[in-house]
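S.K.: Once you know that position 27 of the sequence shown is 33 in the working numbering, the rest is easy, because the numbers rise by one and skip nothing.
Cβ coordinates follow ideal geometry from the N, Cα and C atoms, glycine included.
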Amino acid sequence: MSLKLENITKKFGDFTAVNQLSISIPEKEMFGFLGANGAGKTTTFRMIIGLLKPTEGRITWNGQAIDYRMSPFIGYLPEERGLYPKLKVKDQIVYLARLKGMSKKAALKELYDWLDRFKVPEYADKKVEELSKGNQQKIQFIAAVLHKPKLLILDEPFSGLDPVNVEQLKEAVIDLKNSGTSIVFSSHRMEHVEELCKHLCIMHKGSPVVHGSLKEIKRSFGKKNLIIHGDFDFQFLENVNGVVKVKYTAEGVQLQIEREEVAEEIFKQIVDKGFIRKFQLEEPSLNDIFIEKVGAAYE
Ligand SMILES: Nc1ncnc2c1ncn2[C@@H]1O[C@H](COP(=O)(O)OP(=O)(O)OP(=O)(O)O)[C@@H](O)[C@H]1O
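What follows is the structure in structure tokens.
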């Protein structure tokens with residue numbers, strides 16, 4: 007039981023926006039879509055919700071082809087936020103909820119529950135244009151989740167939010183996942199995907215360049231990070247075999263090394279050089295992996 011994309015290609019004329027994308031998104035999980043601008047994330051989402059038709063391939067949800075009849079089960083937070091500025095929040099939310107088959111009463115109850123959760127019950131009677139951009143985004147998020155979709159697609163849900171609002175929305179998303187919603191979201195921010203997702207896909211120019219579980223992706227990357235803090239000169243490390251990158255930090259140095267054994271070698275070499283305050287081997291970050299796989303495209 008899952009969302010499945012099989013050999014999906016989307017062409018706009020001669021231009022291929024998505025190329026042979028095959029992914030399986032597990033049920034009741036959060037799946038992250040990473041990619042530079044123009045990588046094909048939004049196009050993929052539009053195909054998942056049935057707004058665009060793939061040129062080739064098949065998209066299924068629990069084995070059934072996705073079509074408009076599934077709309078009540080799907081929630082979508084589009085990248086281009088599209089609320090009507092002149093309408094009151096509650097009128098707009100009720101209108102959108104009714105399109106998903108909810109009654110006015112149920113929609114209002116859900117709306118007030120969400121507004122209470124975000125500690126802004128007074129927004130119900132405000133016009134959208136009276137709210138800040140970040141708060142408009144919260145309302146749009148509520149519009150996407152009000153009908154309790156089983157599959158929730160969030161295009162850049164955290165962009166443009168201040169840190170407090172990012173945390174608030176993250177908690178809401180985690181609660182939805184824990185209550186059984188399958189969530190797919192895109193982001194430019196590696197740390198959000200790293201924190202929230204078990205599985206992910208990195209898109210590059212329409213093709214998936216990395217795909218799978220975060221754990222496995224990190225393990226198979228091979229390279230590790232080694233953090234050393236100490237009271238001695240680190241420069242000689244630039245010439246140690248197996249050291250790929252050296253980044254100097256306020257308290258020492260952060261190395262990218264080819265494999266774990268290089269850390270042992272380095273330890274032998276620094277042990278007599280002076281006081282070592284920290285010597286820590288870490289898995290690569292998603293950012294390290296992204297930079298290597300997509301690299302120049304993220305300039
Ligand atoms: N309707 C369209 N007609 C022609 N080209 C399109 C259309 N929609 C998208 N594209 C192109 O397809 C490519 C992928 O776009 P898409 O919006 O899916 O990227 P994205 O990964 O969501 O990027 P971003 O992070 O900037 O939102 C881009 O080069 C874009 O210009």
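1. Cβ of T48 within 7 Å of any heavy atom in ligand 1?
2. E305 by DSSP, collapsed to three states: which one?
3. Can you tell which of I148, L167, Y90, G212 has the C-alpha that lies nearest to the C-alpha of A23?
4. Grab me the residues of Q142's own chain with a C-beta within less than 8 Å of its C-beta, minus the 5 sequence neighbours each way, in chain order.
5. Measuring only the C-alpha atoms, how far is S109 from K154?
6. Going by CA-CA distance only, name the one from V216, S188, K284, N43 that's closest to E257.
7. Rounding to the nearest angstrom, what Cα-Cα distance links P290 and G81 in this structure?
8. Which residues in the same chain as K17 place their Cβ atom closer than 8 Å to its Cβ, once the five residues preceding and following it in sequence are excluded?
9. Can we count E86 as close to ligand 1, meaning its CB is less than 7 Å from some heavy atom?
10. If you draw a straight line from the C-alpha of G280 to the C-alpha of F296, how long is it?
11. Between I145 and L137, is the Cβ-Cβ spacing less than 8 Å?
12. Looking only at DSSP bridge pairs, what is D161 linked to?
13. Excluding five sequence neighbours on each side, which residues of the same chain lie with their C-beta closer than 8 Å to the C-beta of P127?
14. Would the beta-carbon of F191 fall within 8 Å of that of F39?
15. Taking its Cβ as the centre, do 16 or more other Cβ atoms sit within 10 Å of D181, making it buried, or is it exposed?
16. Going by beta-carbon coordinates alone, are Q174 and F124 separated by less than 8 Å?
17. For the alpha helix (DSSP H) that T49 lies in, which residues bound it at each end?
M.R.: Taking the coordinates as given:
1. By one-based count along the sequence shown, residue 48 stands at place 42. Correct: T48 has its Cβ closer than 7 Å to ligand 1.
2. Position 299 of the sequence shown, counted from the start, is the residue given in the question as residue 305. Because the pLDDT of E305 is 42, which lies under 50, any placement of that residue in the model is unreliable, and the number read from its coordinates should be weighed accordingly. Collapsing the DSSP output to three states places E305 in coil.
3. The residue labelled residue 23 in the question sits at position 17 within the sequence shown. When each option's Cα is compared against that of A23, the closest is G212.
4. As a working note, residue 142 is residue 136 in the sequence shown. Contacts found: R87, L89, V134.
5. If you number the sequence shown from 1, residue 109 lands on position 103. If you number the sequence shown from 1, residue 154 lands on position 148. Their Cα atoms are separated by approximately 13 Å.
6. Taking the first residue of the sequence shown as position 1, residue 257 is located at position 251. It is K284.
7. Position 284 of the sequence shown holds residue 290. Position 75 of the sequence shown holds residue 81. About 33 Å.
8. The residue labelled residue 17 in the question sits at position 11 within the sequence shown. Result list for K17: A23, T61, in chain order.
9. Counting from 1 along the sequence shown, the entry for residue 86 is found at position 80. Not so, every heavy atom of ligand 1 lies at least 7 Å from the Cβ.
10. Translated into the one-based positions of the sequence shown, residue 280 becomes position 274. Translated into the one-based positions of the sequence shown, residue 296 becomes position 290. Roughly 35 Å separates the two Cα atoms.
11. Locating residue 145 in the sequence shown gives position 139, where the first residue counts as 1. Locating residue 137 in the sequence shown gives position 131, where the first residue counts as 1. Cβ atoms of I145 and L137: closer than 8 Å.
12. Position 155 of the sequence shown, counted from the start, is the residue given in the question as residue 161. In DSSP, D161 forms a bridge with S192.
13. Along the sequence shown, read from residue 1 onward, the residue named residue 127 stands at position 121. Excluding sequence neighbours, P127 sits near Y118, L121.
14. Here residue 191 corresponds to residue number 185 of the sequence shown, with the count starting at 1. Here residue 39 corresponds to residue number 33 of the sequence shown, with the count starting at 1. A contact, by the Cβ cut-off of 8 Å.
15. One-based indexing of the sequence shown puts residue 181 at position 175. Exposed.
16. Within the sequence shown, the letter at position 168 stands for residue 174. Within the sequence shown, the letter at position 118 stands for residue 124. Taking 8 Å as the Cβ cut-off, Q174 and F124 qualify as a contacting pair.
17. By 1-based counting over the sequence shown, the position of residue 49 is 43. Per DSSP, T49 belongs to the alpha helix (DSSP H) from 47-54.
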